[in-house]
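Visitor: This is the structure, below, for whatever I ask next.
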Amino acid sequence: TKSGNINMSYGVTVAYAVTKKLTIRSGINKVDYGYDTEDVAFSSSSSLASKGGQLSTINYAETSNTLTIASNIVTSEKYTTTNLAQDVTAKSPTRDGFMSQQFGYLELPVELNYALLDKKFGVNIIGGVSSLFLIDNAVSLTSGDLTTEIGEANNINDLNFSANMGLGLNYNFSQKVRFNVEPIFKYQLNTFSDVNGTFRPYSVGVYSGLTFKF
């Protein structure tokens, strides 16, 4: 099974008012995504690794090139970095745990913001797309208190895109200063270059900050 992690992001956005109700905005954000794959068993064995016991979707670090990984749950799907199954041949795993994947991006969003309510308290609908440039890529194994970084995924695209949709809530302190809270859903379109399973990353974030009008 797979699960997402809670992560933080931060950035700067600039906006241009096309009309009184419609605004176009863009900026740059640093965002991190993390995913865990549960029910993983792994061991260190140079003989098994040489016989194909390593995952083809991971570039192993030199310190981890003898690790073999297997699923504790037998499935009929081919293994990918995000869809663990049967791409390994480890016969005697010695540790049970989970595999973590951490991806970091520079995000460049382009979004439209339409005001449904423009009073002291405002409500907006938000839609747009983001370009995501990969800057961090790490895969690790955890068993109990032991965590081992094994390398990086080789099936993740350097450039990824997401479709964004959300709701904006804001409170005007004055004509020039406004506080925003925006729950936004982002569906990633092409995170991986080779995925045979059904896993498609998405995120639900709550973004907050101050807006200054010039």
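Residue numbers (our numbering): 1242 to 1455. Note that beta-carbon positions come from the ideal geometry of N, C-alpha and C, so glycine has one too.
(1) If I measure Cβ to Cβ from Asp1377 and keep anything under 6 Å in the same chain, skipping five residues before and after, which residues do I get?
(2) Per DSSP, Gly1450 is paired with what?
(3) Identify the continuous beta strand (DSSP E) that holds Val1370 and give its terminal residues.
(4) Taking Ala1302 and Gly1392 to be in contact with their CB atoms under 8 Å, please state how far apart those CB atoms are, rounded to whole angstroms.
(5) For the stretch 1420-1434 against the stretch 1251-1264, do three or more pairs of beta-carbon atoms, one drawn from each stretch, fall closer than 8 Å, so that the two count as touching?
(6) I think Gln1342 touches Tyr1428, with their Cβ atoms under 8 Å apart; what is that distance to the nearest whole Å?
(7) Taking the alpha carbon of Asn1398 as the point to measure from, which residue in Leu1373, Glu1390 and Thr1389 has its own alpha carbon closest?
(8) Which stretch, first to last residue, makes up the beta strand (DSSP E) that contains Val1253?
(9) First and last residue of the beta strand (DSSP E) that includes Glu1303?
(10) Phe1339 and Thr1298 - do their beta-carbons sit closer together than 8 Å?
(11) Can you find the residues in the same chain that come closer than 7 Å, C-beta to C-beta, to Tyr1218, ignoring five residues on each side of it along the sequence?
(12) Whole angstroms are fine: how far does the CA of Ile1425 sit from the CA of Val1445?
(13) Check Ile1391 in the structure and name its three-state DSSP category.
(14) On the three-state DSSP scale, how would you describe Ser1415?
(15) Of the choices Leu1382, Ile1269 and Thr1388, whose alpha-carbon is the least far from that of Leu1349?
(16) Using the three-state DSSP reduction, which class does Leu1357 fall into: helix, strand or coil?
(17) Taking just the CA atoms, how far does Leu1410 sit from Ile1360?
(18) Name, in chain order, the residues that DSSP records as bridge partners for Thr1432.
(19) So, using beta-carbon positions, are Val1422 and Ser1449 closer together than 8 Å?
Guide: So, from the data block:
(1) By 1-based counting over the sequence shown, the position of residue 1377 is 136. Excluding residues within five positions, the ones whose Cβ falls inside 6 Å are Gly1345.
(2) Position 209 of the sequence shown holds residue 1450. Bridge partners of Gly1450: Asn1421.
(3) The residue given as residue 1370 occupies position 129 in the sequence shown. Segment Phe1362 to Ser1384, the beta strand (DSSP E) holding Val1370.
(4) By one-based count along the sequence shown, residue 1302 stands at place 61. By one-based count along the sequence shown, residue 1392 stands at place 151. That pair is a contact at about 5 Å.
(5) Between the stretch 1420-1434 and the stretch 1251-1264, the count of Cβ pairs shorter than 8 Å is below three; the stretches do not touch.
(6) Your numbering for residue 1342 matches position 101 in the sequence shown. Your numbering for residue 1428 matches position 187 in the sequence shown. About 18 Å; that fails the 8 Å criterion.
(7) Position 157 of the sequence shown, counted from the first residue, corresponds to residue 1398. The candidate whose alpha carbon is nearest that of Asn1398 is Leu1373.
(8) Counting from 1 along the sequence shown, the entry for residue 1253 is found at position 12. Run containing Val1253: Tyr1251 to Ala1258, per the beta strand (DSSP E) assignment.
(9) In the sequence shown, counting from the first residue as 1, residue 1303 sits at position 62. Looking at the DSSP string, Glu1303 is not in any beta strand (DSSP E), and its letter there is neither H nor E.
(10) The residue labelled residue 1298 in the question sits at position 57 within the sequence shown. The residue labelled residue 1339 in the question sits at position 98 within the sequence shown. No, they are not a contact pair.
(11) Lying before the first or after the last residue shown, residue 1218 is absent from the chain, which here runs from 1242 to 1455.
(12) Stepping through the sequence shown from its first residue, residue 1445 is reached at position 204. Stepping through the sequence shown from its first residue, residue 1425 is reached at position 184. A straight-line Cα-Cα distance of about 6 Å links Val1445 and Ile1425.
(13) To locate residue 1391, count along the sequence shown from 1; it is residue 150. It is a strand residue.
(14) Residue mapping note: residue 1415 aligns to position 174 of the sequence shown, counting from 1. Coil at Ser1415, not helix or strand.
(15) On the sequence shown, position 108 is the one that residue 1349 refers to. When Leu1382, Ile1269 and Thr1388 are compared, the shortest CA-CA separation from Leu1349 is found for Ile1269.
(16) Translated into positions along the sequence shown, residue 1357 becomes position 116. DSSP, reduced to helix, strand and coil, places Leu1357 within a strand of the structure shown.
(17) Position 119 of the sequence shown holds residue 1360. Position 169 of the sequence shown holds residue 1410. Reading off the sequence, residue 1360 comes out as Lys, not Ile. C-alpha separation (whole angstroms): 11 Å.
(18) Here residue 1432 refers to the residue found at position 191 of the sequence shown. According to DSSP, Thr1432 bridges with nothing at all.
(19) Here residue 1422 is taken as the residue at index 181 of the sequence shown, counted from 1. Here residue 1449 is taken as the residue at index 208 of the sequence shown, counted from 1. Yes, the Cβ-Cβ distance between Val1422 and Ser1449 is below 8 Å.
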